[in-house]
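Engineer:
In full-length UniProt numbering, the protein residues as written are 1 to 779.
Shown next as structure tokens:
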């Protein structure tokens, strides 16, 4: 029997790590460096686990460009204020990556730096800016050795060798310079009418310029003449050249294309994204491409098949819902502020996009009787039934079995039937209606079937936010912004809906309503910050849980309905005991609204997601915490027994040393008091045997005792004996000795002043008593 959930620990967090801009890939292809606002995030290419954050997240600067040198030992980052920072990168013996600022300097560009490039041997750095200027820097001394002023913003730079560079601009012009003479170009060309996207060095004699004017021009370096121009038939954003002399381009169409420079032919192509692809990088070691799309996704592509090996979501935006997929719960689907469904693999954290809707997906639900069936609803007023083959060779194969239309507004929530006898689904919408859809004609061999609603009812007066079915499929509950939750009868034979009752009591809209596990109870969460529990026999509220300071967005019954898990719009998650009606634990889970709350089959793992774009996986560590507490308690009893035995035998020196080992301040003080009462010399002998570590702990305890007048005499006695037992040179080597002595001084002065006043007062008392005796004799 599962014990109560008492605490959750964060196991993994899917964070935003790419928000557009530069991406760098190290030479062996193991680490990717992606720009995320004002920082650079490094993560593993294979498992997407974070490795390092470069920069300060609290710094009010935006990164405009990054550059990784050829041996992966250094990275230069350009900021929006034209500041350049060089970080040294290193791996320790455990393969942990670290970054340290080596130097920083002002580039003197008047506008942001758009492009940076190193010379082949990392001797020079060229920076191109929106201020029409290119500056060339000596990397060793970081001195600007020359500046070039162009006719428009700089779009790309490439070095032919350590002494020659080629510069491309937004107006389509290309200029060729020698480092020794940057005042005047060797040659300049105007073969393009739009921005230069990439400059590729084909060999020592030729280079290619690729432009957004949909052309590639091959130019002879020796004769300075154009060899030929190739039409590319789309605006190109980025291009690379592999070792075989093939050019790979990406652009507006989201297609990766392979071109032969010599024959000017398109060799092969592959549609990879529905969005524009902004960047392509090639890794010769892995024979793979890294692509960055305009919707902040990263794709790892095989060079031979041009197929997606891995897809990484750089930024999820707001997340509305989650659902586990597959019998082993090793995949989960995500509905974000996007028309695509995002399917995550828990083992590799790779993600795949499933296209089908035309507007943001709002709700997801997996069938209990077929875990590979997924139901989605969207702002496009439709629902889609999917079958997912999770055992595909490369990623998941998603097939649209059926779709349904009929709602006149966003379909906010959907739910499958629970029983395997009659398959159906229920949907609710902002058009205030609830619809019942039969799936009797749908099977795994279906393809693009049209669903038809067998029953439609106007369910609420305002937007409907949620829907949930009882375990036996006879009842359905819906929640709405009209402050009520309603129960509906489901006749699965006739496929008809009927009103069963109304659950009222909330003062604001109901965000979530669901049936408790194995009980006749409905749980609701509302904008009035309350959770209510209703009895299905009389439809009355029998318990109200208060404690949230923000609107309760999700509630989840766990541990056979004995506990609840809730989330709110402030990012907090709470664990509740239903019987005691109290909150057991509050967890700061997110920075904003938590829209999605999900549990695994065994309820040992929970997933949350929300408006901050994070997906967080939580493990139930209740049993582990209980075991740790029992272990600590047993160890404490064992240690106290040993300490008691030392005291009983009057082995005070061993007792003192053992109490210091355990860092037991109170026990240590009691032992010292016993030693002072019996023989002060024994205390000095015991202190003289202590090592520096124990001595530091004892002095720290003594400084704490010294702050209290009732225990100050013990602290002063300890300090006195320490100063008389050890030489000053030895004491200066004791950890934290100067700071501990400083802590002694103010309180010691107070004690001295207090004792001086007592001594003075006692002298007055003696004088008064003597005068009284003198008066008695005279009388």
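Every residue gets a Cβ at the ideal spot worked out from N, C-alpha and C, and that includes glycine.
Are residue 458 and residue 468 touching if we call contact CB-CB under 8 Å?
Structural biologist: Here residue 458 corresponds to residue number 458 of the chain shown, with the count starting at 1. Here residue 468 corresponds to residue number 468 of the chain shown, with the count starting at 1. Cβ atoms of residue 458 and residue 468: not closer than 8 Å.
Engineer: Which residue from 572, 539, 532 puts its Cα closest to that of residue 578?
Structural biologist: Looking up residue 578 in the chain shown gives position 578. Among 572, 539, 532, the Cα nearest to that of residue 578 is on 532.
Engineer: Can you give me the C-alpha to C-alpha distance between residue 661 and residue 728, rounded to a whole angstrom?
Structural biologist: The residue you call residue 661 lines up with position 661 of the chain shown. The residue you call residue 728 lines up with position 728 of the chain shown. Looking at the two C-alpha atoms, the distance is approximately 24 Å.
Engineer: Are there 16 or more other CB atoms within 10 angstroms of the CB of residue 680, so buried, or fewer, so exposed?
Structural biologist: Taking the first residue of the chain shown as position 1, residue 680 is located at position 680. By the 10 Å Cβ count, residue 680 comes out exposed.
Engineer: Candidates 56, 115, 82, 276: which alpha carbon is nearest residue 106's?
Structural biologist: Taking the first residue of the chain shown as position 1, residue 106 is located at position 106. Checked all of 56, 115, 82, 276; the closest Cα to residue 106 is 82.
Engineer: Which residues in the same chain have their Cβ closer than 8 Å to the Cβ of residue 56, if we skip the five residues on either side of it in sequence?
Structural biologist: Counted from its first residue, the chain shown places residue 56 at position 56. Contacts found: 38, 39.
Engineer: Note down the Cα distance separating residue 448 from residue 373, rounded to an integer number of angstroms.
Structural biologist: In the chain shown, counting from the first residue as 1, residue 448 sits at position 448. In the chain shown, counting from the first residue as 1, residue 373 sits at position 373. Residue 448 and residue 373: Cα-Cα distance of roughly 14 Å.
Engineer: Tell me the rounded alpha-carbon separation between residue 339 and residue 360.
Structural biologist: Counting from one through the chain shown, the residue named residue 339 turns up at place 339. Counting from one through the chain shown, the residue named residue 360 turns up at place 360. For residue 339 and residue 360, the distance between alpha carbons rounds to 4 Å.
Engineer: Can you list, in chain order, the stretches of the beta strand (DSSP E) that have 3 or more residues and sit fully within the stretch 198-249?
Structural biologist: Fully enclosed beta strand (DSSP E) runs of 3 or longer: 206-211, 215-220, 226-231, 236-241.
Engineer: With residue 12 as the anchor, note down where its beta strand (DSSP E) starts and where it stops.
Structural biologist: In the chain shown, counting from the first residue as 1, residue 12 sits at position 12. Run containing residue 12: 8-14, per the beta strand (DSSP E) assignment.
Engineer: Give every residue of the same chain whose Cβ lies closer than 8 Å to the Cβ of residue 542, excluding the five residues on either side of it in the sequence, and list them in chain order.
Structural biologist: Your numbering for residue 542 matches position 542 in the chain shown. Excluding positions up to five away in sequence, the list reads 533, 534, 535.
Engineer: What does the alpha-carbon distance come out to for the pair residue 684 and residue 770?
Structural biologist: As a first step, residue 684 is located in the chain shown; it is residue number 684 there, counting from the start. As a first step, residue 770 is located in the chain shown; it is residue number 770 there, counting from the start. Spanning the two alpha carbons is a distance of roughly 40 Å.
Engineer: What are the boundary residues of the alpha helix (DSSP H) that residue 684 is part of?
Structural biologist: In the chain shown, counting from the first residue as 1, residue 684 sits at position 684. Looking at the DSSP string, the run of the alpha helix (DSSP H) that includes residue 684 is 680-688.
Engineer: Between the alpha carbons of residue 766 and residue 757, how many angstroms are there, rounded?
Structural biologist: Locating residue 766 in the chain shown gives position 766, where the first residue counts as 1. Locating residue 757 in the chain shown gives position 757, where the first residue counts as 1. The alpha-carbon atoms of residue 766 and residue 757 are separated by roughly 14 Å.
Engineer: DSSP has residue 331 in a bridge; who is on the other side?
Structural biologist: Translated into the one-based positions of the chain shown, residue 331 becomes position 331. Residue 331 pairs with 325, 345.
Engineer: What residues in its chain sit with their C-beta under 6 Å from that of residue 606, if we drop five residues either side in the sequence?
Structural biologist: For this step, residue 606 is matched to residue 606 along the chain shown. Closer than 6 Å at the Cβ level, and outside the excluded window around residue 606, lie 599, 618.
Engineer: Which of the three DSSP states is assigned to residue 529 in this structure?
Structural biologist: The residue given as residue 529 occupies position 529 in the chain shown. Three-state result, residue 529: coil.
Engineer: Let's see if you can read the secondary structure: which residues bound the beta strand (DSSP E) around residue 498?
Structural biologist: In the chain shown, counting from the first residue as 1, residue 498 sits at position 498. Counting along the chain, the beta strand (DSSP E) containing residue 498 begins and ends at 496-503.
Engineer: So residue 486 and residue 506 are supposed to be a Cβ contact under 8 Å. How far apart are they, rounded?
Structural biologist: Counting from one through the chain shown, the residue named residue 486 turns up at place 486. Counting from one through the chain shown, the residue named residue 506 turns up at place 506. The pair is not a contact, with the Cβ atoms about 12 Å apart (cut-off 8 Å).
Engineer: Around the C-beta of residue 245, are 16 or more other C-beta atoms found within 10 angstroms, so that it is buried, or is it exposed?
Structural biologist: Taking the chain shown and counting its residues from 1, one reaches residue 245 at position 245. Under this definition residue 245 is an exposed residue.
Engineer: Helix, strand or coil: which one does DSSP assign to residue 711?
Structural biologist: Residue numbering aside, residue 711 sits at position 711 when the chain shown is read from its first letter. Looking at residue 711 - three-state DSSP - the assignment turns out to be coil, as it is neither helix nor strand.
Engineer: Please state if the CB of residue 317 and the CB of residue 363 are separated by a distance shorter than 8 Å.
Structural biologist: Here residue 363 corresponds to residue number 363 of the chain shown, with the count starting at 1. Here residue 317 corresponds to residue number 317 of the chain shown, with the count starting at 1. No.
Engineer: Classify residue 666: buried if its beta carbon has 16 or more other beta carbons within 10 angstroms, exposed otherwise.
Structural biologist: Residue numbering aside, residue 666 sits at position 666 when the chain shown is read from its first letter. Result: exposed.
Engineer: Comparing alpha-carbon positions, which option in 692, 696, 640, 693 lies nearest residue 671?
Structural biologist: Numbered from its first residue, the chain shown carries residue 671 at position 671. Among 692, 696, 640, 693, the Cα nearest to that of residue 671 belongs to 640.
Engineer: Roughly how many angstroms separate the alpha carbons of residue 384 and residue 329, rounded to a whole number?
Structural biologist: Along the chain shown, read from residue 1 onward, the residue named residue 384 stands at position 384. Along the chain shown, read from residue 1 onward, the residue named residue 329 stands at position 329. Computed Cα separation, rounded: 21 Å.
Engineer: Quick one: residues in its chain with C-beta nearer than 6 Å to the C-beta of residue 692, no 5 flanking neighbours on either side, listed in chain order?
Structural biologist: On the chain shown, position 692 is the one that residue 692 refers to. Cβ within range, chain order: 734.
Engineer: Under 8 Å, with one C-beta from each stretch per pair, do the stretch 68-86 and the stretch 118-125 reach the 3-pair mark?
Structural biologist: Yes, the stretch 68-86 touches the stretch 118-125.
Engineer: With DSSP run on the structure shown, which of helix, strand or coil describes residue 747?
Structural biologist: The residue labelled residue 747 in the question sits at position 747 within the chain shown. Of the three classes helix, strand and coil, the one that applies to residue 747 here is helix, per DSSP.
Engineer: Give me the Cα-Cα distance between residue 403 and residue 451, rounded to the nearest whole angstrom.
Structural biologist: Sequence index remark: in the chain shown, residue 403 carries index 403 (1-based). Sequence index remark: in the chain shown, residue 451 carries index 451 (1-based). Approximately 6 Å, taken between the alpha carbons.
Engineer: Residues in its own chain within less than 8 Å of residue 493 by CB, not counting five upstream and five downstream?
Structural biologist: Reading the chain shown from its first residue, position 493 is the one you call residue 493. 422, listed in sequence order.
Engineer: Just curious, the beta strand (DSSP E) that residue 176 is in, first and last residue?
Structural biologist: Here residue 176 corresponds to residue number 176 of the chain shown, with the count starting at 1. Taken as a continuous stretch (DSSP letters only), the beta strand (DSSP E) holding residue 176 covers 174-178.
Engineer: Would you call the stretch 744-752 in contact with the stretch 706-717, where contact means no fewer than 3 C-beta pairs closer than 8 Å?
Structural biologist: Cβ pair count under 8 Å is three or more, so yes.
Engineer: If you draw a straight line from the C-alpha of residue 704 to the C-alpha of residue 46, how long is it?
Structural biologist: Indexing the chain shown from 1 puts residue 704 at position 704. Indexing the chain shown from 1 puts residue 46 at position 46. Those two C-alpha atoms are separated by around 52 Å.
Engineer: With three or more C-beta pairs closer than 8 Å as the rule, is the stretch 616-631 touching the stretch 19-38?
Structural biologist: With a cut-off of 8 Å, the stretch 616-631 and the stretch 19-38 do not count as touching, because too few Cβ pairs lie within range.
Engineer: Assess, as a yes-or-no matter, whether the stretch 197-216 is touched by the stretch 233-247 under the definition of 3 or more beta carbon pairs within less than 8 Å.
Structural biologist: The stretch 233-247 vs the stretch 197-216: in contact.
Engineer: Between residue 4 and residue 559, how many whole angstroms is the CB-CB distance? I'm expecting something under 8 Å.
Structural biologist: Start at 1 with the first residue of the chain shown, and residue 4 comes out as number 4. Start at 1 with the first residue of the chain shown, and residue 559 comes out as number 559. Right, their Cβ atoms sit about 6 Å apart.
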